[in-house]
Amino acid sequence: MLSEPAGLRQCSPGTTLYHYTKSKGINGILSNNCFWATKSDFLNDPDEFRSLHDLVASILETCVPNSKARTRFLHDVFAPDYSTGNDRKQDYFVLSFSECRDSITMWSEFGVKTGYSLAMDGEEIVRRIQEKNRIEYHGYVIYDEEEKRQIVEAMLTGKLPMLLGSSLADALNEGIQEGVSLIYNRACHKFRKAAALYSMFFKNEAFAREEEYRFVFRRTEFTEVHFREKDGFLIPYIEVPLSDSLLPVTEITVAPMNYMDLAEKGVRYLLQLKGYDVKVGLSDIKLRY
């Protein structure tokens with residue numbers, strides 16, 4: 007299947023994944039056994055979509071001689087709403103973890119004063135999420151530019167022509183001919199879906215230290231979408247509920263500047279009431295402000 011993200015690396019046995027959140031988030035997770043997954047196009051930097059567009063353009067130059075055909079395909083694939091597969095049924099929501107225990111990059115996003123990092127057994131949290139939810143895809147975010155190129159090139163010059171029964175150049179050339187071309191429309195549709203999925207796992211190399219691991223969920227007609235406020239605008243999210251048994255939490259780390267006794271004391275008491283017996287400690291990062 008073209009939209010299956012081949013090459014997506016998943017966590018191995020013994021891996022610990024860390025979920026960064028603020029005080030409100032850790033309270034909700036431990037009290038309600040529930041995570042929140044954010045709509046994918048509210049996570050990605052628009053520059054990442056531009057980067058993917060430029061990567062595809064570069065690859066097309068090597069395998070599609072007709073510049074008009076390349077331009078038409080890029081225009082039709084990277085429409086403003088391409089990130090949802092141009093189909094409301096293809097709304098995706100993302101739940102993020104990290105393989106980094108104590109990251110200043112992650113703290114800057116989730117609060118050097120109000121943040122917490124929950125350590126969890128990777129295989130176990132995958133299993134627990136799957137108990138009550140359908141995970142569409144999960145794996146490590148890809149930062150390396152050469153790896154991204156290899157993946158997209160394999161899609162464009164290998165999988166897509168195989169599915170179409172036609173060379174990519176011939177399929178795209180039909181897009182600039184008069185009349186409707188079923189093979190061209192099929193090429194756009196299939197690559198648009200694949201590009202939308204990979205855009206959720208491609209990030210700029212500058213963010214490589216995040217070591218992010220993502221779970222992707224697809225909205226169905228039965229999915230209830232909620233909204234939270236951030237910086238004056240609304241962000242759509244869905245709930246990812248887990249069973250009532252204790253979560254596979256092995257450690258909680260308090261943000262670098264959250265050194266008040268109450269920050270650690272409050273979490274310890276919450277853990278005690280919920281039946282957890284895990285280590286709670288302060289970040290090892292020392293800040294001068």
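Residues 7 to 295 in the numbering used here are what the sequence shown spells out, letter by letter. Backbone N, C-alpha and C define an ideal beta-carbon position, used for all residues, glycine too.
6 Å CB neighbourhood of residue i in its chain, flanking five on each side removed
{"i": "His232", "result": "Tyr243"}
{"i": "Thr111", "result": "Arg215, Glu216"}
{"i": "Ser123", "result": "Tyr24, Tyr26, Thr259"}
{"i": "Ser18", "result": "none"}
{"i": "Asp3", "result": "There is simply no residue 3 to check, as the chain begins at 7 and stops at 295 in what is shown."}
{"i": "Met161", "result": "Ala200"}
Reference residue i; option with closest CA among the options
{"i": "Leu23", "options": "Tyr282, Ile258, Phe208", "result": "Ile258"}
{"i": "Glu115", "options": "Tyr275, Val273, Glu270, Pro262", "result": "Pro262"}
{"i": "Leu178", "options": "Ile291, Phe79, Asn33", "result": "Phe79"}
{"i": "Phe48", "options": "His25, Phe41, Lys154, Asp97", "result": "Asp97"}
{"i": "Ala193", "options": "Asn210, Arg215, Leu169", "result": "Leu169"}
{"i": "Ser249", "options": "Gly20, Ser29, Lys30, Asn39", "result": "Asn39"}
{"i": "Lys209", "options": "Glu152, Arg234, Asn191", "result": "Glu152"}
{"i": "Glu67", "options": "Gln278, Thr163, Thr44, Asn191", "result": "Thr163"}
{"i": "Ser2", "options": "Asp176, Leu14, Ile189", "result": "Shown here, the chain extends from 7 to 295; a query on residue 2 therefore has no answer."}
Cα-Cα separation between residue i and residue j, rounded to whole angstroms
{"i": "Phe16", "j": "Gln183", "result": "The question names Phe, but residue 16 in the sequence shown is Gln. For Gln16 and Gln183, the distance between alpha carbons rounds to 43 Å."}
{"i": "Val284", "j": "Ala125", "result": "10 Å"}
{"i": "Thr256", "j": "Leu166", "result": "43 Å"}
{"i": "Lys75", "j": "Val147", "result": "The question names Lys, but residue 75 is Ala in the sequence shown. Each residue's Cα considered, the two are about 31 Å apart."}
{"i": "Gly287", "j": "Ile35", "result": "18 Å"}
{"i": "Leu101", "j": "Trp42", "result": "7 Å"}
{"i": "Val246", "j": "Arg225", "result": "12 Å"}
{"i": "Lys199", "j": "Thr27", "result": "30 Å"}
{"i": "Lys138", "j": "Ser251", "result": "13 Å"}
{"i": "Leu276", "j": "Glu270", "result": "10 Å"}
{"i": "Lys154", "j": "Ser205", "result": "10 Å"}
{"i": "Ala201", "j": "Glu227", "result": "23 Å"}
{"i": "Ser187", "j": "Phe207", "result": "31 Å"}
{"i": "Gln156", "j": "His59", "result": "15 Å"}
Contacting residues, own chain, Cβ-Cβ under 8 Å from residue i (five flanking each side not counted)
{"i": "Glu130", "result": "Pro254"}
{"i": "Ile141", "result": "Val132, Ile135, Phe221, Val222, Phe223"}
{"i": "Lys280", "result": "Leu36, Ser37, Leu252"}
{"i": "Ser89", "result": "Note that Ser89 has pLDDT 45, beneath the 50 cutoff, so the model's placement of it is unreliable and the number below is only indicative. Result list for Ser89: Ser46, Asp47, Asn50, Phe55, Ala202, Ser205, in chain order."}
{"i": "Glu230", "result": "Ile244, Glu245"}
{"i": "Tyr219", "result": "Cys17, Leu23, Ser102, Phe103, Ser104, Glu105, Gly128, His144, Gly145, Tyr146, Val147"}
{"i": "Leu240", "result": "Phe233, Arg234"}
Cβ pair residue i, residue j closer than 8 Å
{"i": "Leu174", "j": "Val62", "result": "no"}
{"i": "Phe103", "j": "His25", "result": "yes"}
{"i": "Asp290", "j": "Asp108", "result": "yes"}
{"i": "Glu211", "j": "Tyr282", "result": "no"}
{"i": "Val158", "j": "Ile65", "result": "yes"}
{"i": "Ser57", "j": "Thr120", "result": "no"}
Proximal residues to residue i (C-beta, below 7 Å), its chain only, five neighbours per side dropped
{"i": "Gly117", "result": "Lys28, Ala261"}
{"i": "Glu180", "result": "Ser187, Ile189, Tyr190"}
Exercise for the section: Jot down the residue ranges of each uninterrupted alpha helix (DSSP H) in the segment 144-211, minimum 4 residues, whole runs only, in chain order. Expected result: Annotation: the segment 144-211 contains the following complete segments of the alpha helix (DSSP H) (minimum length 4 residues), in chain order: 151-160, 166-170, 174-179, 188-205.
Practice task
Please go through the segment 23-111 and give each complete beta strand (DSSP E) segment of 3 or more residues, from N-terminal end onward.
Solution key: The beta strand (DSSP E) runs lying completely inside the segment 23-111 and spanning 3 residues or more are 40-45, 98-104, given in chain order.
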